[in-house]
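A.B. asks: One structure coming up, written as structure tokens, with questions to follow.
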Amino acid sequence: MADIAIVGAGFVGLINAVGLAELGHHVAVIEADENKVESLSRDRMPVYEPDLQDLWQAHRKAGTIHITASYTEALADRQFCFIAVGTPAGLDGVPDLRNFYAAVDTIVAAASNPLTIVIKSTVPVGTAEQVQARMALPKNGSRNAAPVVSNPEFLSEGRGVSDFFHPDRIIIGSDSREVGGDVAQLYAATGVPEVFCDNRTAEMIKYVSNAFLATKISLINEIAWICEHLKVDVNGVAAAVGMDNRIGPAFLRAGLGWGGSCFPKDLTALSRMASQAGVSHDVLDAVATTNHRQPRMLVDQVKDLLGTLDGKTIGVLGLSFKPGTNDLRDSPSISLTTRLQTEGCIIRAYDPKAMDDAAGVLSGVTFCASAYETARGCDAVVLATDWPEFKELDLKKLGSLMKQPVFLDGRNMFDPQEASDAGLIYSGVGRGHSARLGRIDRQSVHP
Ligand code: UDX
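Positions 224 to 670 (my numbering) are the ones given, in order, by the sequence shown.
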């Protein structure tokens, strides 16, 4: 059992806190925002994440977790201090490390005993070395000369707690095998394989993992539009292509594109690192460009189906960047919605978890209590986030509430034939639907 401090009570910090507490460690979470400290000390979570609140509450009650604003108090007698503060994209796309370095400096000033710093935040290659230099450590190769471990997280929002316990691997980047081993030991109870490497490699692994995943999605999205024109259903293609072990089935779901707090900023940061090193990054640029195009392609599809967008009422189902979270950061659904508004559309919208947050991001939108309520009187409905509850929708009922049953499946959740049988005029992303369902009769769609 170890005594661990974690700086940052966001998604990453809180999940690591409950995860490490579940593994038997004592955890102190340090958070600068007094409002967050106050809420968390009453077990109110700043983010929605399955199981997080229950585990937090249980460990707080048991005394194995506590939250504080004081570094001095939290660091007293701790062996490890994890840094899990946000590293958002700065104006030029280079990660803004101000909060990160502020945390480092405060840790160094407040620590009263030898401490291993564990970097969870996603930071550019070379950052751990900078942290080490900032700590003004002896350069004698002794244990205390390398107490900075790069231990990137691969937590996916909406399943963060589960991901903590069942990652594919744990990356331990350290210039000292001994210090790295101490950090690896914290996770021993998970039984997950560890990869030991140096700090720079660990930092790079994080960026490359996200770049690969985003690339798979952008590639299948580009393929989708090719499929559309060649009258092929991309879902069937992706399923069979993904059966090839060299490719794998994950991250091949075509749709509105990727968003969230990681892919966009990490891809940009990797491109910036390449630029700074004088290396070209054409593939990374294309991956981002293809992704930005997706919402526009969907808007064009709606326009194509309705003839014009001005004055049309469109229902948007799903606002978060993916299901299982209320996170709206870089959500393709928000981009789609604002584009539709720019084209003169009247928007009705529903999301199972993100409505409160969406009200602060979108203006002029009628937020509805359900998917059916959203569809009422619409000229078209666009499914923008693949929440599982949408899969249960009675499509016949949905269509009957609309002015005209035009349904754009921005996440390819439904079988085109099934949707068509339910009376919907269905269009997906690269389903080649017009080949099998017959060309949409535009006269029956336009008013
Ligand atoms: C991602 C990484 O998965 C995680 O390892 C890292 O730590 C943080 O970034 P997350 O942002 O939570 O996690 O989302 P993820 O589930 O990876 O999805 C990212 C985006 O891609 C979402 O917008 C999702 O809708 C989209 N996506 C995903 C697709 O469009 N198609 C797919 O096949 C998979």
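Note that CB positions come from ideal geometry on N, CA and C, so glycine has one too.
1. Check this for me: beta carbons of PHE630 and ILE648, under 8 Å apart or not?
2. Below 8 Å CB to CB, which residues in the same chain sit around LEU675 once its five sequence neighbours on both sides are set aside?
3. Considering ALA603, what are the terminal residues of the beta strand (DSSP E) in which it resides?
4. In whole angstroms, what is the alpha-carbon distance linking ALA333 and ILE229?
5. What three-state label does DSSP hand SER373 in the structure shown?
6. Please classify GLY671 as buried or exposed, where buried requires at least 16 other C-beta atoms within 10 Å of its C-beta.
7. Give the range of the beta strand (DSSP E) segment to which ARG571 is assigned.
8. Sort PRO390, ALA492, ILE253, LYS259 by Cα distance to VAL431 and report the nearest one.
9. Looking at C-alpha atoms only, which residue of ALA356, ASP421, SER373 is the closest neighbour of THR679?
10. To which residues does DSSP link GLU417 through a beta bridge?
11. For PHE419, I'd like the list of residues in its chain whose CB is within less than 6 Å of its CB, leaving aside the five on either flank, ordered along the chain.
12. Less than 7 Å separating the Cβ of LEU540 from some heavy atom of the ligand UDX?
13. If we count the other Cβ atoms within 10 Å of its Cβ and call it buried at 16 or more, is PRO628 buried or exposed?
14. Where do the N-terminal and C-terminal ends of the alpha helix (DSSP H) with CYS304 fall, by residue?
15. Taking just the CA atoms, how far does GLU245 sit from GLN408?
16. Have a look at the DSSP bridge pairing and note the partners of HIS289.
17. May I ask you to check if the CB of LYS545 is nearer than 7 Å to at least one heavy atom of the ligand UDX?
18. Taking ALA650 and ALA607 to be in contact with their CB atoms under 8 Å, please state how far apart those CB atoms are, rounded to whole angstroms.
19. Just reading off the beta strand (DSSP E) that LEU563 is part of, what are its end residues?
20. So which of ILE570, CYS568, LEU540, GLN280 has the shortest CA-CA distance to LEU616?
21. Whole angstroms is fine: what's the gap from VAL510's alpha carbon to LEU442's?
22. What are the residues that DSSP puts in a beta bridge with LEU631?
23. Report all residues from its chain with a CB closer than 7 Å to the CB of THR513; omit the five preceding and five following residues, and keep chain order.
24. From the DSSP secondary-structure annotation, give me the bridge partner or partners of GLY538.
25. Let's see if you can read the secondary structure: which residues bound the alpha helix (DSSP H) around ASP386?
C.D. replies: Looking at the coordinates:
1. It is a contact, given that the beta carbons lie within the stated cut-off.
2. Outside the displayed range of the chain (224 to 670) lies residue 675, so it cannot be described from this structure.
3. Bounds of the beta strand (DSSP E) holding ALA603 are 603–606.
4. So the two alpha carbons sit approximately 14 Å from each other.
5. Under the three-state reduction of DSSP output, SER373 falls in the strand class.
6. Here the chain covers residues 224 to 670 and nothing more, so residue 671 does not appear.
7. Its beta strand (DSSP E) spans residues 569–573.
8. Nearest option by C-alpha distance: ALA492.
9. Because the chain here runs from 224 to 670, residue 679 falls outside it and cannot be looked at.
10. In the DSSP output, where bridge partners are listed per residue, GLU417 has ILE393.
11. When the five nearest sequence neighbours on each side are left out, the beta carbons in the same chain lying within less than 6 Å of the beta carbon of PHE419 are those of ILE395, GLY403, in order along the chain.
12. For the ligand UDX, not one heavy atom lies less than 7 Å from the Cβ of LEU540.
13. With at least 16 other beta carbons inside 10 angstroms of its own, PRO628 counts as buried.
14. Unbroken run through CYS304 is the beta strand (DSSP E), 303–306; no alpha helix (DSSP H).
15. Approximately 14 Å, taken between the alpha carbons.
16. In the DSSP output, where bridge partners are listed per residue, HIS289 has ALA251.
17. Yes - the ligand UDX has a heavy atom lying nearer than 7 Å to the Cβ of LYS545.
18. Correcting the residue identity first, residue 650 is Ser in this sequence and not Ala. For SER650 against ALA607, the beta-carbon gap comes to about 14 Å, at or over 8 Å, which does not count as contact.
19. Here LEU563 belongs to no beta strand (DSSP E); instead the alpha helix (DSSP H) covers 555–565.
20. For the options ILE570, CYS568, LEU540, GLN280, the alpha carbon positioned closest to that of LEU616 is the one of LEU540.
21. One C-alpha to the other measures close to 7 Å.
22. DSSP lists VAL605, SER650 as partners of LEU631.
23. So the list reads SER441, ASN444, GLU445, once near-sequence residues are dropped.
24. Beta-bridge pairing links GLY538 to ARG571, VAL604.
25. First-last of the alpha helix (DSSP H) with ASP386: 383–388.
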